[in-house]
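Engineer: Next up is a structure, given as C-alpha cells.
Protein chains: 2
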Amino acid sequence: MNDTSSVPDIVISRLPSYLQTLNQMAKEGWHTVSSKVLAERVGTTAAQIRKDLSFFGGFGKQGTGYSIYHLIEQLQKILNMDRVWSAIIVGAGDLGRALARYQGFAQRGIEIAMLFDIDPKIVGTQIGSVVVRHVDTMESEIQKNNFKISIITVPAAVAQIIANRLVEAGIQAILNYAPVTLIVPGSVQLQNIDPVLQLQRTLYYLSDD
Amino acid sequence: MNDTSSVPDIVISRLPSYLQTLNQMAKEGWHTVSSKVLAERVGTTAAQIRKDLSFFGGFGKQGTGYSIYHLIEQLQKILNMDRVWSAIIVGAGDLGRALARYQGFAQRGIEIAMLFDIDPKIVGTQIGSVVVRHVDTMESEIQKNNFKISIITVPAAVAQIIANRLVEAGIQAILNYAPVTLIVPGSVQLQNIDPVLQLQRTLYYLSDD
DNA sequence: ATTGATATGTGAAAAAAGTCAAAACCGCAT
DNA sequence: ATGCGGTTTTGACTTTTTTCACATATCAAT
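In order, the protein sequence lines correspond to chains A and B.
Per numbering that gives the first Met the number 0, the very first residue in the first sequence carries number 0; after that it's consecutive.
Per numbering that gives the first Met the number 0, the very first residue in the second sequence carries number 0; after that it's consecutive.
Structural data, given as C-alpha cells:
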C-alpha cells in the first residue's frame, strides 16, 4: 500500500477519522483539545493519537493540548486536502446515481465531476449536478481534464475491464464498489467498499441466535 | 474489537476476502488451489494465508493445496455464514433505497428483511422487495423478529440517536454509513462505511497534479 | 520402490504497531 | 519569581503481526 514513504499506511488511514472528529468538535464550538479528549471521541487511545501525530511533527502545546483550528489545517495539508479534488463515477446504476447525488463528497472537498455509463437509455440524463456521459468518452475526458480519482460502481463482471481502462488512462486512485478483487498496479491506490464483506466480518462475533 | 477470543480480529477480517476470491475461482472452474495462487489473487502472501487458516486447523493437503469446495465450506462455517442472516436498514434516502435494491446481499446470504424511515411520504412505499415501515415500529419489529444486524443510512445528525435505539432494542451488529463516529458498547460490532474517509486516505499518496 | 517437484503447517525470528512513563514545557496563581 | 497542575514529547519497552524456512507429506512419473 505505501511505497517508499516513511509514514506507515496504517497511520495515514487513521488521520481522516481524526479530522472528521476535529471538524465535528470545531462545529460544536471547541477551540482546543487534549489527546485524551480527542481519543475518547474517536474511540482510540491518547497515546496512539500523539504517536500518530508525532510522525509529522509536534502540533500541540504542552499543558494546553492542540489548537483544533491549527490541527485541522495541518491534517488537511498532510492529506492533500487543502484543495478540491475532482472524481468521476463509472456506472450509473442505483448505487452510482445515489453516490452522484450524495452531498458528502462536495462538503468534504471531493467534486463529482462526471458520471459515465454504457446504457444509451441512461446516457444524457441528469443525475444531481452532472449529465451521464457514454463510457466510450471516458478515457478522453480523463486525459483532457487530468482526473486522478475514479469510483467504480459497475457490475462485478466488468469491473476489472473498467479498472484496466481507468489505469491505462492515467487514473491514480480507485474506489471500488464492485464485489470483486481487482488487480491494479502497485502505483495505483485501490480502496474496496463492499458492505457484505464488512458484515461477514461481524458475523463471526454474533451469537448463533 | 475482539474480546477474549484467541483468534485475532485482523485474521477474521481477512477471511471474507479469501472467501470471495475462492467463490470467484470456483465459478471459473477451479477445484483446487495452493496458498501461493490464492495469495496472488487476493493480493497478499502465501505465508499469511497459511498462517491465518492454521488458526482454525489444517484444511489443505501437502503437495496438493486446498480443495476449493471444502475450504469455502469451512470458511463459511467459521464466519457463521452457513445460514441466512436477516438485516434491517434504517433510513430510506437515496443510499438506503439503493442498498435495499442491491442484489449482492441476498446473493451472499444477507436478507434485507425490513426498511425503516421517519418520513410519512416514504413510509408505505415499496422498495425492492420490502415496504418502508415507520421508524416508530423499529424496536418492536427488532424484538419480535429477533433481528441482530442493522444498516444505518440516516443523516449524520440523527445517527447516534438511531444507534442508541438499535442497541437498546438488542441489535448486535451495525453497519454505519453516516459520516460520524458512533459510540456503542463494546459488545456491539460496529463497522463504518464512509467513502470520503477512504478516499481521503488515498489522497495522501496522490501526486499534486 | 524411488525420485523429484510441489505444498502444507508451524515454530522461531523479524518487523511493526502500540503502550507507557519520565522529562520537558506551558500558563496561571500566588 | 516560584511552584504547581496539566499535557505534550520522546524514546524505551511490550505486544502483536508478519515473514521466514524447514520438516513433513502427497502425487506422478519412472
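Positions of the beta carbon are idealized from the N, C-alpha and C atoms, including for glycine.
Quick caveat, the model's predicted, so the values are computed rather than measured.
#1: Once you ignore the five residues that flank H133 of chain B on each side, which residues in its own chain have a CB closer than 6 Å to its CB?
#2: Which same chain residues end up closer than 7 Å to H69 of chain A when comparing Cβ atoms and leaving out the 5 residues on each side of it in sequence?
#3: Would DSSP call N1 of chain A helix, strand or coil?
#4: Could you name the residues that DSSP lists as bridge partners for E110 of chain B?
#5: My output table needs one value for V157 of chain B: the three-state DSSP class, helix, strand or coil.
#6: Short of 8 Å Cβ to Cβ, which residues in the stretch 85–105 of chain B face chain A?
#7: Are the beta-carbon atoms of S66 of chain A and I48 of chain A separated by less than 8 Å?
#8: Buried or exposed: where does Q75 of chain A fall if 16 or more other Cβ atoms within 10 Å of its Cβ makes it buried?
#9: Please work out which residues of its chain come closer than 8 Å, Cβ to Cβ, to T31 of chain A, disregarding the five sequence neighbours upstream and downstream, and give them in chain order.
#10: Using a Cβ-Cβ cut-off of 8 Å (strictly less than) and excluding sequence neighbours within five positions of I77 of chain B, which residues of its own chain qualify?
#11: Let's see if you can read the secondary structure: which residues bound the alpha helix (DSSP H) around V195 of chain B?
#12: Give me, in chain order, the residues of the same chain whose beta-carbon lies closer than 6 Å to that of N175 of chain A; leave out the 5 immediate sequence neighbours on both sides.
#13: Which residues in the same chain have their Cβ closer than 8 Å to the Cβ of V179 of chain A, if we skip the five residues on either side of it in sequence?
#14: K143 of chain B and A172 of chain B look like a contact to me (Cβ under 8 Å); what is the Cβ gap, rounded to whole Å?
#15: Does the distance from the CB of I161 of chain B to the CB of V83 of chain B come in under 8 Å?
#16: Which residues, in order along the stretch 118–134 of chain A, keep a beta-carbon less than 8 Å from a beta-carbon of chain B?
#17: For a contact meaning CB atoms closer than 9 Å, what does N144 of chain A contact in chain B?
#18: Under 8 Å between C-beta atoms, does K147 of chain A make it to chain B?
#19: If you pair each beta-carbon of the stretch 86–104 of chain B with each one of the stretch 89–100 of chain A, do three or more pairs fall below 8 Å?
#20: Quick one: list the residues of chain B neighbouring N79 of chain A, beta-carbon separation under 7 Å, in chain order.
#21: Straight-line CA distance for L189 of chain B to L198 of chain A?
#22: Hey, is L198 of chain A's beta-carbon within less than 8 Å of any beta-carbon in chain B?
#23: Which residues in the same chain as I229 of chain B place their Cβ atom closer than 6 Å to its Cβ, once the five residues preceding and following it in sequence are excluded?
#24: Just the C-alpha distance for V187 of chain B and K60 of chain B, rounded to the nearest angstrom, thanks.
#25: Using a Cβ-Cβ cutoff of less than 7 Å, which residues in the same chain neighbour D2 of chain B once the five nearest sequence positions on both sides are dropped?
#26: Can you find the residues in the same chain that come closer than 8 Å, C-beta to C-beta, to W29 of chain A, ignoring five residues on each side of it along the sequence?
#27: Please list the terminal residues of the continuous alpha helix (DSSP H) segment that includes H69 of chain B.
#28: Just the Cα atoms here: how many angstroms apart are R73 of chain A and G185 of chain A?
#29: On the criterion of 16 or more Cβ atoms from any shown chain inside 10 Å, does T44 of chain A qualify as buried, or is it exposed?
#30: Determine, using beta carbons only, whether T255 of chain B comes closer than 8 Å to chain A.
#31: If we require 3 or more residues per run, which beta strand (DSSP E) segments fall completely within the stretch 105–149 of chain A?
#32: Taking CB distances under 8 Å as the criterion, tell me whether T3 of chain A reaches chain B.
#33: If you measure beta-carbon to beta-carbon, which residues of the stretch 153–185 of chain B are closer than 8 Å to chain A?
#34: Answer yes or no: does any C-beta atom of chain A fall closer than 8 Å to that of I109 of chain B?
#35: Roughly how many angstroms lie between the CA atoms of V195 of chain A and L37 of chain B, to the nearest whole one?
Structural biologist: A quick look at the data gives this:
#1: V122
#2: F58
#3: Bear in mind that the predicted position of N1 of chain A carries a pLDDT of just 35, short of 50, making it too unreliable to give a figure here.
#4: DSSP output for E110 of chain B lists B:S85 as bridge partner(s).
#5: Three-state DSSP puts V157 of chain B in a helix.
#6: A86, D93, L94, R96, A97, L98, R100, Y101, G103, F104
#7: no
#8: buried
#9: Residues T63, G64, Y65, S66, I67 of the same chain have their beta carbon placed closer than 8 Å to that of T31 of chain A, with the five preceding and five following residues left out of the count.
#10: Excluding sequence neighbours, I77 of chain B sits near L14, F55.
#11: 194–202
#12: I151, L181, N191
#13: For V179 of chain A, the CB contacts under 8 Å within the same chain, skipping 5 residues up- and downstream, are A155, A158, Q159 in chain order.
#14: With 8 Å as the limit, K143 of chain B and A172 of chain B do not qualify as a contact, their Cβ atoms being about 18 Å apart.
#15: no
#16: none
#17: Within chain B, no residue comes near N144 of chain A; the closest Cβ sits about 11 Å away, beyond 9 Å.
#18: So, interface residue.
#19: yes
#20: L202, Y203, L205, D207
#21: Answer to the nearest angstrom: the Cα atoms are 9 Å apart.
#22: yes
#23: Since the displayed chain B opens at 0 and closes at 208, residue 229 of chain B lies outside it and no answer follows.
#24: Between V187 of chain B and K60 of chain B, the C-alpha separation is close to 37 Å.
#25: Its pLDDT being 40, under 50, D2 of chain B is placed unreliably in this model, and the coordinates cannot settle the point.
#26: I67
#27: 67–77
#28: Checking the sequence, you will find Gln at residue 73 of chain A rather than Arg. If I take the Cα positions, the gap works out to 28 Å.
#29: Its Cβ having fewer than 16 others within 10 Å, T44 of chain A is exposed.
#30: Nothing can be reported for residue 255 of chain B: it is not among the residues displayed for chain B, which extend from 0 to 208.
#31: Listed in chain order, the complete beta strand (DSSP E) runs (minimum 3 residues) inside the stretch 105–149 of chain A are 109–116, 129–133.
#32: Residue placement at T3 of chain A is poorly supported in this model, since its pLDDT is 46, which falls under 50; the coordinates still yield a value, given next. For T3 of chain A, no CB of chain B lies under 8 Å from its own CB, so it is not counted at the interface with that chain.
#33: Q171, A172, L174, P178, V179, T180, I182
#34: yes
#35: Roughly 20 Å between the two C-alpha positions.
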